[in-house]
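Residue numbers (our numbering): 381 to 701.
No residue lacks a Cβ here, since even glycine has one placed at the ideal position from N, Cα and C.
To keep things clear, I will list the structure first and then write my remarks on it.
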């Protein structure tokens with residue numbers, strides 16, 4: 381656990397722009413600290429995870445490309461020595477600009493969901509145009525779905541009945557560079573639109589609907605998290621987000637038909653992942669609300685397996701007439 385003295389030592393790497401900064405309290409559940417420069421500018425200090433998937437230089441290049449393409453991202457702020465990160469006691473840190481955004485209540489989210497879909501489409505279009513190798517990895521989605529999943533027995537049995545159809549639908553989809561963790565927490569919203577995208581630590585090669593499915597799986601998962609947010613609301617989010625995405629960067633008919641299955645795959649894979657962490661089988665950071673997130677993920681997968689037509693209908697509703 382870093383002390384204030386440790387963090388001050390880290391921030392010495394950016395003293396030329398920060399001066400004598402003020403450091404805020406650690407963001408709950410994240411290795412992030414708000415930083416206010418001597419001149420009042422707000423930034424974020426981020427400790428890099430030991431489980432990163434690609435070199436910092438490649439992430440920095442991708443972020444630079446995205447910004448040049450008109451996508452709002454928080455690029456790395458250069459240190460006084462011209463580097464992209466600071467290293468102290470074998471730990472690496474980035475300094476990122478703060479992107480102004482709003483914490484919208486559930487009732488207001490639907491008002492910006494179409495804009496979120498359009499922004500995600502623009503992100504994917506720009507990532508597809510990235511001109512260099514990203515030195516990342518290929519998402520082994522099919523391997524995960526074919527392999528051993530750590531799920532409650534009833535959910536595992538229900539998924540097993542659909543496994544062959546799920547794998548068939550998701551095999552052979554075109555791949556490109558994608559965000560890799562496009563959950564709603566990494567899409568910063570504001571009233572009237574999207575403030576930007578954060579957390580590009582993954583950047584795998586995968587079907588673009590891997591991102592779409594992950595985002596929408598979380599929207600359906602919200603049904604158990606907030607009073608007044610229903611399954612019908614979650615389905616409205618699916619349709620509205622996809623309507624925006626289809627307007628700017630349409631999915632092929634096969635990709636669109638596979639979206640409901642990718643939503644299910646996202647919840648099934650994440651439920652198994654969270655359970656592996658909870659049980660100690662996998663050594664990863666445990667979330668502050670880990671058990672609650674695991675419960676909601678399992679319930680969302682159960683619900684979709686019991687109501688597959690509702691999600692498919694919500695996806696089809698986004699297609700042009």
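Inter-residue spacing [alpha-carbon to alpha-carbon] between residue i and residue j
i: residue 440; j: residue 538; result: 42 Å
i: residue 536; j: residue 397; result: 53 Å
i: residue 555; j: residue 404; result: 40 Å
i: residue 623; j: residue 437; result: 35 Å
i: residue 479; j: residue 575; result: 7 Å
i: residue 626; j: residue 595; result: 15 Å
i: residue 671; j: residue 658; result: 8 Å
i: residue 372; j: residue 691; result: The shown model of the chain, from 381 to 701, leaves out residue 372, and the question about it has no answer.
i: residue 645; j: residue 433; result: 21 Å
i: residue 700; j: residue 524; result: 33 Å
i: residue 513; j: residue 610; result: 42 Å
i: residue 509; j: residue 533; result: 43 Å
i: residue 469; j: residue 639; result: 44 Å
i: residue 414; j: residue 485; result: 23 Å
i: residue 619; j: residue 682; result: 20 Å
i: residue 635; j: residue 545; result: 15 Å
i: residue 568; j: residue 630; result: 22 Å
i: residue 677; j: residue 421; result: 38 Å
i: residue 615; j: residue 489; result: 13 Å
i: residue 394; j: residue 457; result: 8 Å
i: residue 503; j: residue 647; result: 23 Å
i: residue 604; j: residue 653; result: Low confidence applies here, because residue 604 scores a pLDDT of 49, under 50, leaving its location unreliable and the question unanswered by this model.
i: residue 416; j: residue 597; result: 35 Å
Terminal residues of the alpha helix (DSSP H) in which residue i lies
i: residue 640; result: 633-659
i: residue 498; result: 486-508
i: residue 415; result: Per DSSP, residue 415 belongs to no alpha helix (DSSP H); it is in the beta strand (DSSP E), 412-416.
i: residue 665; result: No alpha helix (DSSP H) holds residue 665; DSSP gives it neither H nor E.
i: residue 480; result: Careful: residue 480 lies outside any alpha helix (DSSP H) and carries neither H nor E.
i: residue 670; result: 670-686
i: residue 392; result: That residue, residue 392, is in no alpha helix (DSSP H); it is neither H nor E in DSSP.
i: residue 546; result: 533-550
i: residue 442; result: 436-448
i: residue 524; result: 521-526
Boundaries of the beta strand (DSSP E) in which residue i is found, first to last residue
i: residue 621; result: Taken as a continuous stretch (DSSP letters only), residue 621 belongs to no beta strand (DSSP E), being part of the alpha helix (DSSP H) at 611-628.
i: residue 467; result: 466-468
i: residue 472; result: 471-477
i: residue 426; result: 422-427
Exposure of residue i, with buried meaning 16 or more beta-carbon neighbours within 10 Å
i: residue 633; result: exposed
i: residue 617; result: buried
i: residue 593; result: buried
i: residue 665; result: exposed
i: residue 548; result: exposed
i: residue 444; result: exposed
i: residue 668; result: exposed
i: residue 689; result: exposed
i: residue 591; result: buried
i: residue 448; result: exposed
i: residue 407; result: exposed
i: residue 401; result: buried
i: residue 560; result: buried
i: residue 564; result: buried
i: residue 579; result: buried
i: residue 459; result: buried
i: residue 497; result: buried
i: residue 387; result: buried
message: Under 8 Å: do the segment 581-598 and the segment 507-523 share three or more Cβ pairs, one atom per stretch?
response: yes
query: Fully enclosed by the segment 560-592, which alpha helix (DSSP H) runs are 4 residues long or longer?
result: none
message: Taking contact to mean 3 or more Cβ pairs, one atom from each stretch, closer than 8 Å, check whether the segment 467-476 and the segment 426-436 are in contact.
response: yes
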